[in-house]
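K.L.:
Starting off with a structure, shown below.
Numbering (the UniProt record's numbering), first residue to last: 1 to 110.
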């Protein structure tokens, strides 16, 4: 007998990635020095780890895009992007020298 077949798929929440269409999103923590000066970090992808360049003066919330590292489209065969949201972590448990260095830095801003 002819008719329509409806299939409902539920996707479980992933520990690292969130998905929107074929794009994947993740959060990447960086320290204060990396945020100010820039550098390179390793980020997770669905294929393993990949190096990502962090520009100098990066703020929390900035999105860094890695093209083609998202999910493959079943229709077109092209890949979405991986979008990494930067989270700048505030240092904790500073020793006296580190505290003094931060105070000196603060004073240098005027």
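We put the beta carbon where it would ideally sit given N, CA and C, even for glycine.
Can you give me the Cβ contacts of residue 25 inside the same chain, cut-off strictly under 7 Å, excluding the 5 residues immediately before and after it?
P.N.:
17, 18, 83 and 85
K.L.:
Roughly how many angstroms separate the alpha carbons of residue 10 and residue 22, rounded to a whole number?
P.N.:
16 Å
K.L.:
Pick out the complete beta strand (DSSP E) segments inside the UniProt domain "Chaperone DnaJ C-terminal" (1-91), 3 residues or longer, and give them in chain order.
P.N.:
18-20, 23-31, 39-45, 48-54, 63-66 and 82-89
K.L.:
Going by C-alpha to C-alpha distance, which of 69, 97 and 78 sits closest to residue 48?
P.N.:
69
K.L.:
Along the chain, where does the alpha helix (DSSP H) containing residue 101 start, and where does it finish?
P.N.:
Where residue 101 is concerned, the enclosing alpha helix (DSSP H) stretches over 96-108.
K.L.:
Near residue 44, what residues of its chain come up, given a Cβ to Cβ distance below 6 Å and the 5 sequence neighbours on each side ignored?
P.N.:
16
K.L.:
How should residue 7 be labelled, buried or exposed, when 16 other C-beta atoms within 10 angstroms of its C-beta is the threshold for buried?
P.N.:
Exposed, because fewer than 16 other Cβ atoms sit within 10 Å of the Cβ of residue 7.
K.L.:
If contacts are defined as beta-carbon pairs under 8 Å, then residue 87 and residue 42 qualify, I think. What distance do you get, rounded to the angstrom?
P.N.:
About 15 Å separates the CB atoms of residue 87 and residue 42; that is not less than 8 Å, and the two are not in contact.
K.L.:
Check each candidate in 90, 32, 80 and 101 and name the one with the smallest Cα separation from residue 66.
P.N.:
80
K.L.:
Let me check understanding here. Comparing Cα to Cα, which of 20, 59 and 29 lies closest to residue 36?
P.N.:
59
K.L.:
Look at residue 31 and residue 89 and say whether their C-beta atoms are less than 8 Å apart.
P.N.:
yes
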